[in-house]
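Asker: Quick one: structure below, then a few questions.
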Amino acid sequence: MTRTLQKVARIIVKAARALEIEPETLMKPGSLTVVGTGIQFIGQLTLEAHAHIKQAEKVLFLVSEPLTADWIRDVNPTAESLYPYYQQGKSRMIAYVEMIERILCELRKGLRVCAVFYGHPGVFVYPSHETIKQARLEGYSAKMLPGISAEDCLYADLGIDPASTGCQSFEATDFLIHKRKFDTGCSLILWQIGCIGDLTFSLEPYDSRGLHVLAEYLCQYYDATHPVIIYEAAEYPIFDPTIEHILLAKLPKHQ
Ligand SMILES: C[S@@+](CC[C@H](N)C(=O)[O-])C[C@H]1O[C@@H](n2cnc3c(N)ncnc32)[C@H](O)[C@@H]1O
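Here's what the structure looks like:
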């Protein structure tokens, strides 16, 4: 079904070009721009993202800390948080589907909608990509602007240049389930190690059993004394990033 609709959309765009009609003029009223806030409070938000948040007729946002949420509401009083879709023990995927529907609902009213996610809005953010795909299928103009992701902060804080050995990035659960192929001579970044194997949302710390499984798996490829860095970028400029150097064997004990 999706493929057929995409084919139809491509044919319409081709036909419009042949008739010298700008494809955009065939679009429905209403547009979607997906932007990111960066990781650190406000300082990492681009001028372009700021302009879109300000000028939108409806803003929907999902951010990780309260000051950014307040700032977005100040910039645009229409702003509405998508966070309430998360609930203790609820499947994150169900929450994402509900968020997508909420954003599309405003778009279908013909509004200029801005959806805001923290970090880079296209890095490890399922609802941003899916909303854009669906919006385009329904004939709306939709685009994403880049932002600063946790990985960008990591390069700066840890002084790692991906050019030196190359760099591989995986979502930790996906890495384990699919036994993703990787190169041990090249940096390996694993995301979401805090919630390995758990697809629900939780405000409480996740079970650490996943870290045991991950460490065991990695020990098949690296020595138990292989250096590991647990990294967390600072969310506020007054704080330093958390950078913990441990040995691979100690990973399961990490809190
Ligand atoms: C849903 S993803 C969102 C990523 C975000 N869009 C970005 O661009 O970085 C959440 C994961 O991003 C990573 N992350 C988020 N904030 C972080 C931070 N301050 N420092 C390090 N990693 C972070 C963690 O792996 C976390 O589990």
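Going by the working numbering, the sequence shown wraps up at 262, each residue one higher than the last. All C-beta atoms, glycine included, are put in the ideal place defined by N, C-alpha and C. Note that the coordinates shown come from a computational prediction; the quantities given were computed from them, not determined experimentally.
Compute the minimum distance between the beta carbon of I46 and the heavy atoms of ligand 1, and state whether it is under 7 Å.
Answerer: yes
Asker: At which residues does the beta strand (DSSP E) containing H252 begin and terminate?
Answerer: T249 to L254
Asker: For a test of your reading of the model: does the CB of A157 fall under 7 Å from any non-hydrogen atom of ligand 1? Yes or no.
Answerer: yes
Asker: Are L206 and M100 close, meaning C-beta to C-beta below 8 Å?
Answerer: yes
Asker: Using a beta-carbon distance below 8 Å, is R119 in contact with chain B?
Answerer: Absent from the structure: chain B. Only one protein chain is present.
Asker: Using only alpha-carbon positions, find the residue among A170, G129 and W198 that is nearest to G43.
Answerer: G129
Asker: Measure the CB-CB distance between E113 and L67 and report whether it falls below 8 Å.
Answerer: yes
Asker: May I ask you to verify whether the stretch 141-151 touches the stretch 71-79, counting CB pairs closer than 8 Å and requiring at least 3?
Answerer: no
Asker: Would you call the stretch 115-122 and the stretch 229-244 touching, i.e. three or more CB-CB distances under 8 Å?
Answerer: no
Asker: Give the range of the beta strand (DSSP E) segment to which V66 is assigned.
Answerer: K65 to L69
Asker: Using the Cβ count rule (16 or more neighbours within 10 Å means buried), how would you classify I191?
Answerer: In the sequence under discussion, the amino acid at residue 191 is Thr, which differs from the Ile named in the question. Counting Cβ neighbours within 10 Å, T191 comes out exposed, since fewer than 16 surround it.
Asker: Buried or exposed for T180, please, with buried defined as at least 16 other CB atoms from any protein chain shown within 10 angstroms of its CB.
Answerer: buried
Asker: Do L183 and V220 have their C-beta atoms closer together than 8 Å?
Answerer: In contact: L183 and V220 (Cβ atoms closer than 8 Å).
Asker: Just to confirm, are I196 and Q51 a CB contact at a threshold of 8 Å?
Answerer: no
Asker: With C-beta atoms as the reference, is T40 less than 8 Å away from L165?
Answerer: In this structure, T40 sits away from L165, with a CB-CB distance that is not shorter than 8 Å.
Asker: Let me know if I203 comes out buried or exposed under the rule of 16 or more other beta-carbons within 10 Å of its beta-carbon.
Answerer: buried
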